[in-house]
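K.L.:
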Amino acid sequence: MDNKAEFDSLVPPQHFNRRSFLVTSLGAGFALATLPVAAQTAIHTDAAGLIEGEVKVPVHDGEMVAYRAAPAGLAKPPVVLLISEIFGVHEYIRDTARRLAKLGYFVIAPELFARQGDPRKIESVAEIIEKISGRTPDALVMKDLDASVAWAAKQGADTARLAITGFCWGGRITWLYSAHNPGVKAGVAWYGRLVGTVNEFTPRHPTDLVGELKAPVLGLYGGVDTGIPIETVDAMEAALKNGSPAAKASEIVLYDNAPHAFHADYRPSYRKEEAEDGWRRMLAWFRQNGV
1 MDNKAEFDSL VPPQHFNRRS FLVTSLGAGF ALATLPVAAQ TAIHTDAAGL IEGEVKVPVH
61 DGEMVAYRAA PAGLAKPPVV LLISEIFGVH EYIRDTARRL AKLGYFVIAP ELFARQGDPR
121 KIESVAEIIE KISGRTPDAL VMKDLDASVA WAAKQGADTA RLAITGFCWG GRITWLYSAH
181 NPGVKAGVAW YGRLVGTVNE FTPRHPTDLV GELKAPVLGL YGGVDTGIPI ETVDAMEAAL
241 KNGSPAAKAS EIVLYDNAPH AFHADYRPSY RKEEAEDGWR RMLAWFRQNG V
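Using the UniProt record's numbering, the letters of the sequence shown map in sequence onto residues 1 to 291.
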């Protein structure tokens, strides 16, 4: 059984039958759970020279809202799927999309929590995990990302040059989608969880998928990340050496003194040196792998 069929079979039918999207617009600003924003470090990228804004992506059960940023006037730009943290597609993700678009990428950041609720409007991280991110089925995410790629192709983007990157929750999804879609050329996972609870929503984790990776993944992790123990990073690094050819071509970079969310320039966890180094490595990884 191929990965797409396997992911589909792992999700209870009721999750695919829901046709009500609770989030139909992205709004503005940062997620409530991330406030107050560290104004002294938060990066703002303007939209000059870009086509950007909310779009609706056709999916199997309706339309999913997403943020798109792309260079104006550039024919067939390569595609980057940008996957959010548990806070959804708030201003930090939209700004990151604009940064990538300024470099010539067609970036799409889908609101993958649209059926479960709006994490931007919830102040409690625990509540977001319990009610939204923790109840978003991996298989449905894979389907939505497939639909996002198909939508990008219809807009004239070059999906033969496809990359994916994501932060925290999105970092884990980056690993999963790089095992799911053979069209992905490169993945960059920023501090994505590698192991976890197995349930109906998350039946497999990155460490379970090293034999199925279709694209090489660059993992960027913090050495003092209290949510992702170093031993799990070490275990993943060892597992990659015995995985698929793409797994063997994958790499993990550990920033010894960085906490979780060290790229999140709007939060106290931001570490400028490590974030900038990781960004450079990400861009080099994309280029090295033809994106």
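In this text, a Cβ means the ideal position worked out from N, Cα and C, and glycines have one as well. Since the model is a prediction, treat every value here as computed from it, not as a measurement.
1) Taking only three categories from DSSP, how would you classify Y255?
2) Which first and last residues belong to the alpha helix (DSSP H) in which E237 is found?
3) Out of F167, D118 and F201, point me to the one whose CA is closest to M142's CA.
4) Which ranges would you report for the alpha helix (DSSP H) in the stretch 95-133 if only whole runs of at least 4 residues count?
5) Can you list, in chain order, the residues of its chain with a C-beta nearer than 7 Å to that of A239? Leave out the 5 residues immediately preceding and following it.
6) For A114 versus V23, is the C-beta distance shorter than 8 Å?
7) Going by DSSP in three states, R204 sits in which element: helix, strand or coil?
8) How should A150 be labelled, buried or exposed, when 16 other C-beta atoms within 10 angstroms of its C-beta is the threshold for buried?
9) What is the residue span of the beta strand (DSSP E) that V55 lies within?
10) Starting from the N-terminal side, write out each stretch of the beta strand (DSSP E) that is 3 residues or longer and does not extend beyond the stretch 153-201.
11) To the nearest angstrom, how far is the alpha carbon of P245 from that of L35?
12) If you draw a straight line from the C-alpha of F30 to the C-alpha of R120, how long is it?
13) Please confirm whether L254 has its beta-carbon closer than 8 Å to some beta-carbon of chain C.
14) How big is the Cα-Cα spacing for E111 and M64?
15) Taking the alpha-carbon of E251 as reference, which of L220, T226, E123 and I228 has the nearest alpha-carbon?
16) Relative to the C-alpha of V224, which candidate in R280, A258 and L26 has its C-alpha closest?
17) Would you please state the rounded distance, in angstroms, between the beta carbons of A163 and F286? I believe it to be under 8 Å.
18) What's the call for S291, buried or exposed, on a 16-neighbour Cβ count within 10 Å?
19) Under a three-way DSSP split, which group does A275 fall into?
20) Would you mind stating whether Y270 and A38 have Cβ atoms separated by less than 8 Å?
21) Would you call the stretch 187-200 and the stretch 167-179 in contact, with 3 or more CB pairs under 8 Å?
22) With a cut-off of 8 Å on the beta carbons, I'd call E45 and D95 a contact; round off their distance for me.
23) Do the CB positions of A249 and P203 come within less than 8 Å of each other?
24) Looking only at its own chain, which residues have a Cβ that is under 8 Å from the Cβ of K76, when we skip the five neighbours before and after it?
25) In whole angstroms, what is the alpha-carbon distance linking G243 and A179?
26) Can you tell me which of the three DSSP states P245 falls into?
27) What's the gap between the Cα of K241 and the Cα of R280?
28) So for A69, helix, strand or coil by DSSP?
29) Give me the Cβ distance between R99 and Q116, rounded to the nearest whole Å; I'm assuming they're in contact under 8 Å.
P.N.:
The short version:
1) Counting from one through the sequence shown, the residue named residue 255 turns up at place 255. Residue state, collapsed to three classes: strand.
2) Working through the sequence shown from its first residue, we reach residue 237 at position 237. Residues I230 to L240.
3) Numbered from 1 along the sequence shown, position 142 holds the residue referred to as residue 142. Of F167, D118 and F201, the residue nearest in Cα terms is F201.
4) 125-131
5) The count along the sequence shown starts at 1 and reaches residue 239 at position 239. Within the same chain, A239 has close Cβ partners T207 and V210.
6) Taking the first residue of the sequence shown as 1, we reach residue 114 at position 114. Taking the first residue of the sequence shown as 1, we reach residue 23 at position 23. A contact, by the Cβ cut-off of 8 Å.
7) As a working mapping, residue 204 is identified with position 204 in the sequence shown. Here R204 sits in coil by DSSP.
8) Along the sequence shown, one-based indexing puts residue 150 at 150. Burial call: exposed.
9) In the sequence shown, the residue the question calls residue 55 occupies position 55. Looking at the DSSP string, the run of the beta strand (DSSP E) that includes V55 is L50 to V59.
10) 158-167 and 184-190
11) The count along the sequence shown starts at 1 and reaches residue 245 at position 245. The count along the sequence shown starts at 1 and reaches residue 35 at position 35. Each residue's alpha carbon lies about 42 Å from the other.
12) As a position in the sequence shown, residue 30 is number 30, starting the count at 1. As a position in the sequence shown, residue 120 is number 120, starting the count at 1. Whole-angstrom Cα-Cα distance: 7 Å.
13) Reference to chain C is not applicable here, since this structure consists of a single protein chain.
14) Translated into positions along the sequence shown, residue 111 becomes position 111. Translated into positions along the sequence shown, residue 64 becomes position 64. Using only the alpha carbons, I get a separation of about 7 Å.
15) Taking the sequence shown and counting its residues from 1, the one referred to as residue 251 is at position 251. If we check each option's Cα against that of E251, L220 comes out closest.
16) Residue numbering aside, residue 224 sits at position 224 when the sequence shown is read from its first letter. Closest by alpha carbon: A258.
17) Position 163 of the sequence shown, counted from the first residue, corresponds to residue 163. Position 286 of the sequence shown, counted from the first residue, corresponds to residue 286. Right, their Cβ atoms sit about 5 Å apart.
18) Taking the sequence shown and counting its residues from 1, the one referred to as residue 291 is at position 291. Here the sequence assigns Val to residue 291, which means Ser is not the residue at that position. Classification of V291: buried, given that the 10 Å Cβ count is 16 or more.
19) As a working mapping, residue 275 is identified with position 275 in the sequence shown. Here A275 sits in helix by DSSP.
20) Stepping through the sequence shown from its first residue, residue 270 is reached at position 270. Stepping through the sequence shown from its first residue, residue 38 is reached at position 38. Result yes, Cβ atoms of Y270 and A38 sit closer than 8 Å.
21) yes
22) Walking along the sequence shown from the start, residue 45 turns up at place 45. Walking along the sequence shown from the start, residue 95 turns up at place 95. With the sequence shown as reference, residue 45 is identified as Thr, and Glu is not the correct amino acid for it. Yes, they are in contact, since the Cβ atoms of T45 and D95 sit about 5 Å apart, within 8 Å.
23) Position 249 of the sequence shown, counted from the first residue, corresponds to residue 249. Position 203 of the sequence shown, counted from the first residue, corresponds to residue 203. Not in contact: A249 and P203 (Cβ atoms no closer than 8 Å).
24) For this step, residue 76 is matched to residue 76 along the sequence shown. Only G156, A157 and D158 meet the Cβ criterion.
25) In the sequence shown, counting from the first residue as 1, residue 243 sits at position 243. In the sequence shown, counting from the first residue as 1, residue 179 sits at position 179. Between G243 and A179, the C-alpha separation is close to 11 Å.
26) Looking up residue 245 in the sequence shown gives position 245. Here P245 sits in helix by DSSP.
27) On the sequence shown, position 241 is the one that residue 241 refers to. On the sequence shown, position 280 is the one that residue 280 refers to. Approximately 24 Å, taken between the alpha carbons.
28) As a working note, residue 69 is residue 69 in the sequence shown. Strand, per DSSP.
29) Along the sequence shown, one-based indexing puts residue 99 at 99. Along the sequence shown, one-based indexing puts residue 116 at 116. Between Q116 and R99 the Cβ distance is about 27 Å, and since that is not below 8 Å, they are no contact.
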